[in-house]
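Heads up, the thing below is written out as structure tokens.
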Amino acid sequence: MKEQKIVNLLGFASRMRKIIFGKDNIREYIRNPKRRNKFVIIASDVGQSIREDTIKRCQSHDVPYVVLKNFTKEQLGRALGKEEISVVGVLDENIVKGIKEVVNVGGDSIV
273 MKEQKIVNLL GFASRMRKII FGKDNIREYI RNPKRRNKFV IIASDVGQSI
323 REDTIKRCQS HDVPYVVLKN FTKEQLGRAL GKEEISVVGV LDENIVKGIK
373 EVVNVGGDSI V
């Protein structure tokens, strides 16, 4: 249920063009000190190295994240109008707040 709400919010952010994906874009998003309100979503079946790298970067920069249990890269991508998406960053502060309310996290949570 929580995951579906998160994906619904991501779909809304996608329609507003307020999401970011791609390895280099995500890395820049995580380490950008100008962007204060951040949130990263990781698909359930992302590769081990990508998962570990993303989580380490999020933890070192105090960026909250969630690893979805029931949404694969393909399902996440389909919800956002793409083929596959492993990791997504949210650019809209209001949507970030909404996701944080759904997940109720301060970091390293798994839905």
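When you read off a place in the sequence shown, starting at 1, and then add 272, the result is the number in our numbering.
We treat Cβ as the ideally placed atom computed from N, Cα and C, and that holds for glycine.
* Around the C-beta of Lys310, are 16 or more other C-beta atoms found within 10 angstroms, so that it is buried, or is it exposed? -> Counting C-beta atoms within 10 angstroms of its own C-beta, Lys310 has 16 or more neighbours from the protein chains shown and is therefore classed as buried.
* Asked: Using the C-alpha atoms, what's the distance from Asp296 back to Ile357?
  -> 14 Å
* For Ile292, which residues does DSSP report across the bridge? -> Gly361
* Check Lys369 in the structure and name its three-state DSSP category. => In the structure shown, Lys369 sits in a helix (DSSP, three-state: H, G or I).
* If Ile298 and Gly349 are in contact, beta carbons under 8 Å, what's the gap, nearest whole angstrom? -> Ile298 to Gly349, Cβ: 14 Å. No contact.
* Please report how far the alpha carbon of His333 lies from the alpha carbon of Glu300, in whole angstroms. => 11 Å
* Could you check how far apart the C-beta atoms of Val338 and Ile313 are, in whole angstroms? I think they sit under 8 Å. => 6 Å
* To do: Give every residue of the same chain whose Cβ lies closer than 7 Å to the Cβ of Gly378, excluding the five residues on either side of it in the sequence, and list them in chain order.
  => Residue placement at Gly378 is flagged as unreliable, the pLDDT there being 48, under the threshold of 50; a coordinate-derived value is accordingly withheld.
* Asked: From what residue to what residue does the alpha helix (DSSP H) around Val279 run?
  -> First-last of the alpha helix (DSSP H) with Val279: 274 to 287.
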